[in-house]
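Enquirer: Counted the way the numbering used here counts, the sequence shown spans residues 1213 to 1775.
Right, I'll just put the structure down here and ask away after.
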Amino acid sequence: MRAPRVGPVLFLLALTPLPAQQAPDLRERIELFSADVGDLERRYDVPMSGERRRRLRERFEREQHELAEIDFDTLPRDARVDWLLLDNHVRRELHALDEEARRDEEVRDLVPFAATIVGLGEARRRLEPVEPEGAADTMAALAVAVEDVRTRLRKREFEQIALPVAARAAEVMGELRRALRGWFEYRVGYDPLFSWWVRAPYEAADKALGALQQELRDRNDKLAGDSSLVGDPIGQAALLRELAFEWIPYSPTDLIEIAEREFAWCDAEMDKAAHEMGCGADWRLALRKVKQQHVAPGAQPQLIADLAREAIAFLEQRDLITIPDLAKECWRMRMMSPAAQRVNPFFLGGETIQVSFPTDAMAHEDKLQSLRSNNEHFCRATVFHELIPGHWLQQYSQERYRRYRAPFGTPFWIEGWALYWEMRMYELGLPKGPEDRVGMLYWRKHRCARIVFSLHFQLGEWTGPQCVDYLIERVGHERAAAEGEVRRSVSGGYGPLYQAAYMLGGLQLRALHGDLVGPGRRSEKAFHDDVLRQNSIPIAVLRAALGPDLPPRELPAWRFADR
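Now the structure itself:
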């Protein structure tokens, strides 16, 4: 074969030296990785699916391998930060898959029929054809298998299963039931033979699943008094792993000691405020007086709006942070339902602040507890936490700066930022008198208590009801508020470190402020703006991103509380 003729342009290109290899674009890598994972999670969405875990693991391990081949020392600052975040995230996700498999195995005895539902769901996602008569037989057999578990439950054959595992199994049954409904509704009505064969046996299987789930919940309630307070402690080893993923070099015991130290400061400040209020050393009396100072029914929305404007004016007068006009304009408010207040007895925030306050449908005692828990002085300490400069300003910034870092979000940045501002506003004089200081200190004690009770709970040392009693005794919560707080903490909707992250993240940011703000360094306003523009990332990595030196591949341990 004759060699191809090299034209003059190709010849010149061949003589031109190649440019130096460009540093990899970590932002693009993160965006592509996030898109891949999102596609996989939507495609493989069946609970307890081994196929789902296998496909995700393959993608995570490929990313881990490719990251290891990047020459970290050639990367610029932002790319180094992104590499650290992505590497940590992948390792954390791989561990989460292992943990998910272990937890699924723990509930297997209570859901031995899960493989049938999982198989149907996976086959549906693979778009495999369904043979209607065979599917009807599968549904009939499933109903029998579920009824067999109900019979064994009544015979007390599952007494050896720990209550937290049984409570988790009840939730898993709900997930499996929803997956089975999705499989059924995909074809019913569209496939006449499927509808004719499968409808009745599916309805029997679905009814059996619902009855088993309710029976298990009733059994758990009977054993626990209130299964919503049972939770699922993860233990010491898992807590240490979670702390390592947050780059926090303290043990749970260390963190509880830090919380107690912060508690002591709060107690001393509370005593001063109580004396100023004429209550002597009785902080409980001072707290009771403050709780009675609430607005009339119907007046809470106006109070919240006034307090939001007060906080913005306070910040702008001192030039502490950039507040865009659109951020001041676009937040909204809605009132929280009585059902939602069972889990969130105070406020939730962000673009829409969700306000807790009694409704006319509440029982009389519940109304009084809600009034006391959402008094004017408590509100002054929390509205800015939820709006500006807290969660709403965070969300506003997250939508505009480094959005690709969304997978790395952490409560230590989210909640720590809002708690940091509670500390800073106290120092700068936002409270107008001792009653306001009591209100702010109440919340600060609450965040100390969150570290103590949540870590004792996750270590398996305290039960949910013990945590409730602790909040009432140590902080001064109303019982309904304490139960809502613990219910929220142990329900599984939040990570095991979430409640501890408020105070600990605030302490991290306060320490970072001390390192980076001052003459010859950043102004306070520049520091606050820079923190928001890095988006939600672990505070140790934020420190590396904002510090004077390029971040190393192995971040040194940062003992932010040893001061």
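Glycine included, every Cβ here is placed at the ideal spot set by N, Cα and C.
Under DSSP, the beta strand (DSSP E) around Val1567 begins and ends at which residues?
Expert: Looking at the DSSP string, the run of the beta strand (DSSP E) that includes Val1567 is 1564–1567.
Enquirer: Return the CA-CA distance between Gly1676 and Trp1770, expressed in angstroms with no decimal places.
Expert: C-alpha separation (whole angstroms): 32 Å.
Enquirer: With DSSP as the reference, please indicate the residues paired to Met1547 in a beta bridge.
Expert: According to DSSP, Met1547 bridges with Val1567.
Enquirer: Val1729 by DSSP, collapsed to three states: which one?
Expert: Here Val1729 sits in strand by DSSP.
Enquirer: What's the C-alpha gap between Phe1370 and Trp1629?
Expert: The straight-line gap from Cα to Cα measures roughly 45 Å.
Enquirer: What's the gap between the Cα of Ile1626 and the Cα of Val1650?
Expert: Their backbone Cα atoms lie some 24 Å apart in a straight line.
Enquirer: Quick one: is Pro1288 buried, meaning 16 or more other Cβ sit within 10 Å of its Cβ, or exposed?
Expert: Exposed, because fewer than 16 other Cβ atoms sit within 10 Å of the Cβ of Pro1288.
Enquirer: Go ahead and pull the three-state DSSP assignment for Leu1339.
Expert: Correct three-state label for Leu1339: coil.
Enquirer: For Phe1665 and Tyr1654, what's the separation of their Cα atoms in angstroms?
Expert: Each residue's Cα considered, the two are about 16 Å apart.
Enquirer: Taking the alpha helix (DSSP H) that Met1482 belongs to, which residues open and close that run?
Expert: Met1482 -> alpha helix (DSSP H) spans 1464–1488.
Enquirer: Determine the closest residue to Arg1544 out of Ile1516, Asp1578, Ala1712, Ser1585, with distance taken between C-alpha atoms.
Expert: Of Ile1516, Asp1578, Ala1712, Ser1585, the residue nearest in Cα terms is Ile1516.
Enquirer: For Val1361, count the other beta carbons within 10 Å of its own beta carbon; 16 or more makes it buried, fewer makes it exposed. Which is it?
Expert: Looking at its Cβ environment, which holds 16 or more other Cβ atoms inside 10 Å, Val1361 is buried.
Enquirer: Ignore the nearest five residues each way along the sequence and tell me which others in Gly1688's own chain have a CB closer than 7 Å to its CB.
Expert: Closer than 7 Å at Cβ, skipping near neighbours: Arg1496, Leu1499, Tyr1654.
Enquirer: Rounded to a whole number of angstroms, what is the C-alpha to C-alpha distance between Leu1441 and Leu1435?
Expert: Those two C-alpha atoms are separated by around 12 Å.
Enquirer: What would DSSP say about Arg1614, mapped onto helix, strand or coil?
Expert: Correct three-state label for Arg1614: coil.
Enquirer: Measuring CA to CA, which of Ala1335, Gln1425, Leu1452 is closest to Phe1396?
Expert: Nearest of Ala1335, Gln1425, Leu1452 to Phe1396, Cα basis: Ala1335.
Enquirer: Give the straight-line distance between the Cα atoms of Leu1762 and Val1302, rounded to the nearest whole angstrom.
Expert: Going from the Cα of Leu1762 to the Cα of Val1302 covers about 22 Å.
Enquirer: Measuring alpha carbon to alpha carbon, tell me which of Asp1418, Glu1766, Asp1648 ends up nearest Lys1501.
Expert: It is Asp1648 whose Cα lies nearest to the Cα of Lys1501.
Enquirer: Going by the beta-carbon positions, is the gap between Cys1679 and Tyr1608 smaller than 9 Å?
Expert: Result no, Cβ atoms of Cys1679 and Tyr1608 do not sit closer than 9 Å.
Enquirer: Quick check: what's the CA-CA separation for Ala1573 versus Pro1550?
Expert: Distance between the alpha carbons of Ala1573 and Pro1550 is about 8 Å.
Enquirer: Helix or strand or just coil, what does DSSP make of Arg1775?
Expert: Coil at Arg1775, not helix or strand.
Enquirer: Over what stretch of residues does the alpha helix (DSSP H) that includes Val1738 continue unbroken?
Expert: Sequence inspection shows Ala at residue 1738; the Val mentioned does not correspond to that position. Where Ala1738 is concerned, the enclosing alpha helix (DSSP H) stretches over 1736–1745.
Enquirer: Just the C-alpha distance for Pro1708 and Ala1450, rounded to the nearest angstrom, thanks.
Expert: About 9 Å.
Enquirer: Evaluate Arg1659 with the Cβ neighbour count: other Cβ atoms within 10 Å of its Cβ, from every protein chain shown; 16 or more gives buried, anything less gives exposed.
Expert: With 16 or more other Cβ atoms within 10 Å, it is buried.
Enquirer: So, is Trp1674 buried or exposed, given that buried needs 16 or more other C-beta atoms within 10 angstroms?
Expert: Buried.
Enquirer: The alpha helix (DSSP H) with Ala1381 in it runs from where to where?
Expert: Counting along the chain, the alpha helix (DSSP H) containing Ala1381 begins and ends at 1375–1399.
Enquirer: If you measure between the beta carbons of Thr1534 and His1740, is that distance less than 9 Å?
Expert: It is a contact, given that the beta carbons lie within the stated cut-off.
Enquirer: CB-CB under 6 Å to Arg1734, same chain, minus the five flanking residues each way: which ones, in chain order?
Expert: The residues are Leu1728.
Enquirer: Leaving out five residues before and five after Glu1695 in sequence, what residues of the same chain have Cβ atoms less than 6 Å from its Cβ?
Expert: Result list for Glu1695: Val1680, in chain order.
Enquirer: Take Phe1388 as the anchor and find which of Thr1328, Asn1432, Ala1416 has the nearest alpha-carbon.
Expert: Sequence inspection shows Leu at residue 1388; the Phe mentioned does not correspond to that position. The option with the nearest alpha carbon to Leu1388 is Thr1328.
Enquirer: Roughly how many whole angstroms lie between the Cα atoms of Asp1433 and Ser1439?
Expert: If I take the Cα positions, the gap works out to 5 Å.
Enquirer: Please go through the same chain and pick out, in chain order, the residues whose beta-carbon is closer than 6 Å to the beta-carbon of Leu1279, but skip the five residues on each side of it.
Expert: Hits under 6 Å: Asp1299.
Enquirer: What is the DSSP secondary structure of Leu1296, reduced to helix, strand or coil?
Expert: Of the three classes helix, strand and coil, the one that applies to Leu1296 here is helix, per DSSP.
Enquirer: Since Trp1459 and Ala1713 are thought to touch, with beta carbons under 8 Å apart, how far apart are those beta carbons, to the nearest angstrom?
Expert: Rounded, the Cβ-Cβ distance is 13 Å, inconsistent with contact.
Enquirer: Would you kindly work out how many angstroms separate the C-alpha atoms of Met1715 and Arg1656, rounded to a whole number?
Expert: Their backbone Cα atoms lie some 8 Å apart in a straight line.
Enquirer: For the candidate residues Phe1245, Leu1238, Leu1297, Met1260, whose alpha-carbon lies nearest to that of Arg1274?
Expert: The option with the nearest alpha carbon to Arg1274 is Phe1245.
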